[in-house]
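To start, the structure under review is shown below, and the notes come after it.
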Amino acid sequence: MPNFKEHDYMGNGAGLIYGLNRVLENPSIHGMVESVGRYCGCKAGIHLPDKIDVPMSPNHRGTAHSLFVIGTGIYTIPEILARVSQICREKVQHHEQIAMLAGDQTTYILNKIAAIFWSFLNGFIAGLPVGYVVHLIQDFLTPKSLPAF
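My numbering runs 559 ahead of the 1-based position in the sequence shown.
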């Protein structure tokens with residue numbers, strides 16, 4: 560479906576729900592920043608299939624718009640996301656510890672900014688595949704549906 564507005568509406572909805580879920584799990588500043596990252600990642604991911612397979616007509620359906628991609632993603636993405644999330648959260652903790660031990664204001668501020676960056680990146684990366692899958696679900700529900708490969 561090369562209709563960006565319809566994808567945007569669903570991307571907004573999915574991003575808000577996915578982001579709010581994170582705030583409910585972790586109502587700290589890092590949970591809030593991660594939820595904003597999830598929203599932004601979902602908004603970016605909703606357009607990835609059409610960036611990979613550029614829509615030239617309503618009948619566009621390349622490999623990026625396939626059931627194969629959904630199946631592969633369901634099998635591999637959770638493990639990858641768990642590892643990326645672990646790395647990002649370790650970075651957040653590292654920068655928070657350095658900020659707590661900082662002897663000067665500049666080191667403190669720079670490490671707080673770095674911790675916030677890693678929280679946002681964690682959410683953004685988690686949101687990308689959610690937006691991608693929402694896009695494919697929307698396309699699956701059209702008369703053209705999705706090809707197997």
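Yeah, the Cβ is synthetic: ideal placement off N, Cα and C, and Gly gets one too.
Item, Value
"Does the region 656-668 come within contact of the region 580-591, defined as at least 3 CB pairs closer than 8 angstroms?", "no"
"Leaving out the 5 sequence neighbours to the left and right, which residues in its chain are closer than 7 angstroms to Leu579 when beta-carbon positions are compared?", "Ser594"
"Does DSSP put Ala603 in a helix, in a strand, or in coil?", "helix"
"So is Ile675 buried or exposed if we call it buried at 16+ other beta carbons inside 10 Å?", "buried"
"Span of the alpha helix (DSSP H) holding Thr665?", "664-699"
"In this structure, does DSSP put Asn580 in helix, strand or coil?", "helix"
"With C-beta atoms as the reference, is Phe683 less than 7 angstroms away from Val592?", "no"
"Run the CB neighbour count on Lys610, radius 10 Å, all protein chains shown included, and call it buried at 16 or more, exposed below.", "exposed"
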